[in-house]
Amino acid sequence: MLQDVTASFAAGSVTAISGPSGCGKSTLLNILGLLLRVESGTVKLAGRDVGGASDAERAAWRARHVGFVFQDALLDPAMTVAENLLEGLPLQRSRRSAAATMRDLLEQFGIGDLAHRPASRLSGGQGQRVALVRALLKDPTMVLADEPTGNLDDVTAEVVLSALLDFGRRPGRAAVVVTHDRRIVARADQSIELPVSRR
């Protein structure tokens, strides 16, 4: 349960959300991504109160503006990495351009040789990096990441953190990261620590 939370997330910034297990960190992320509705209070995105938005409006906002990185990569195991990444991109997006960007991002995260590997054969850390590539490939307004470095070694975690910082600090963009990683908390532009949930 999430109660009495007031927060703002500025464009051009990275926010780290931390706190004990069960305090509502992932819930807050899902509210920001319009996956959950609040029972009371107000949620504004780009100055617009989205509390009363229809399911279709919320889905359209997510599709255009939000790149999600969940703890579970949510990849289709029957598809290759490339197929997972290119599936569902906006129709107006050039496939050739998207494929080139995809290759660059895969290389950046040290998994350039995995484009044609079935998702079922990825390790947890590889799947997590593919999920981040998928989020960035959309060129969203904001990236919402849930423990994006949880399964990564220190070197790879630094690459992922740098990518999130670079993205979130671009004009008109933002990144919100749920994390227990103190390195992310220390380097974020804003840090929000949620208290223990009151049930």
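If you read the sequence shown in our numbering, its first letter stands for residue 32, the second for the next number, and so on.
Here a beta-carbon is modelled for each residue, glycine too, at the ideal position from N, C-alpha and C.
By the CB criterion at 8 Å, A109 and L117 fall outside the cutoff. Boundaries of the alpha helix (DSSP H) harbouring A90: D86 to H96, taken from the DSSP string. For I223, the enclosing beta strand (DSSP E) covers residues Q221 to E224. Here A206 is bridged, per DSSP, to V45 and V174.
Listed in chain order, the non-local C-beta contacts of P51 below 7 Å within the same chain comprise V227, local neighbours out to five positions each way being set aside. Boundaries cannot be given for F101, as no alpha helix (DSSP H) includes it and DSSP labels it neither H nor E. With fewer than three CB-CB distances shorter than 8 Å, the region 146-156 does not count as touching the region 73-83. Contact annotation, L175 with G78: C-beta distance approximately 19 Å; criterion of less than 8 Å not satisfied.
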